[in-house]
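Everything on this sheet refers to the single structure shown next.
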Amino acid sequence: MHQALSFGDTVADNASAGLYVLGEQHVSLDQFSPVDARMRMMINGNEVSNGVGSDCLGDPLNAVAWLAEVARKFGRPLRTGQVVLAGALGEMRPVTAGDEVVVEISGLGSVSARFAELTVDRGE
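Under full-length UniProt numbering, the first residue of the sequence shown is numbered 1, with each subsequent residue one higher.
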């Protein structure tokens, strides 16, 4: 059974799509099974989140199928080459300036990012 999501969870989930890191490896579904994928996320070398593909609506492809159908109904079908984020395989975690995040997904490899201090150009 899935835990009920709060309003804050929904806001965080939508905000997380603002920036994302893509790996260089491309695989097809005959080479990779999203439902069986295992994810580990480390921040500064400490594991802070993990999960499996089946944690995402039973199968991440269920989310993609739903999105494809809704997008088609709105006259904006998914297009070849579009990036589709099917859902999180583990809990979100906050980061601060200087943090290094590494995510490993079985069958896909790993990606990493180091977060910098946010600066605002005030035009001065």
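Beta carbons are placed, not taken as given, at the ideal position from N, Cα and C, and that holds for glycine.
Endpoints, beta strand (DSSP E) assigned at residue i
i	result
Arg114	Gly109 to Arg114
Glu104	Glu100 to Ile105
Val52	Asn46 to Val52
Arg38	Arg38 to Ile43
Residue i classed as buried or exposed, judged by whether at least 16 other C-beta atoms fall within 10 angstroms
i	result
Leu78	exposed
residue 163	Past the edges of the chain, shown from 1 to 124, lies residue 163, and the structure says nothing about it.
Asp121	exposed
Val21	exposed
Val103	buried
Where the alpha helix (DSSP H) through residue i begins and ends
i	result
Asn62	Pro60 to Lys73
Euclidean distance between Cα positions of residue i and residue j
i	j	result
Ser33	Asp59	9 Å
Asp36	Gly90	14 Å
Asp30	Val70	25 Å
Cys56	Ala65	13 Å
Ala86	Thr119	30 Å
Leu61	Ile105	16 Å
Ile43	Ala63	27 Å
Gly107	Gly51	14 Å
Gly123	Gly81	36 Å
Arg76	Arg93	32 Å
Gly18	Arg72	23 Å
Phe74	Glu117	39 Å
From the options, residue whose alpha carbon lies closest to that of residue i
i	options	result
Val83	Pro94, Gly98, Gly75 and Leu67	Leu67
residue 154	Tyr20, Phe115, Leu22 and His26	Nothing in the structure corresponds to residue 154, since the chain is present only between 1 and 124.
Gly109	Gly75, Gly18 and Val27	Val27
Asn46	Asp99, Gly75, Glu117 and Gly123	Asp99
Val111	Glu24, Glu117 and Gly75	Glu24
Cβ distance (whole Å) where residue i is taken to contact residue j below 8 Å
i	j	result
Ala113	Val101	5 Å
Met39	Val48	About 12 Å; that fails the 8 Å criterion.
CB contact below 7 Å: residue i versus chain B
i	result
Asp55	Among the chains of the structure shown, chain B does not appear; only one protein chain is present.
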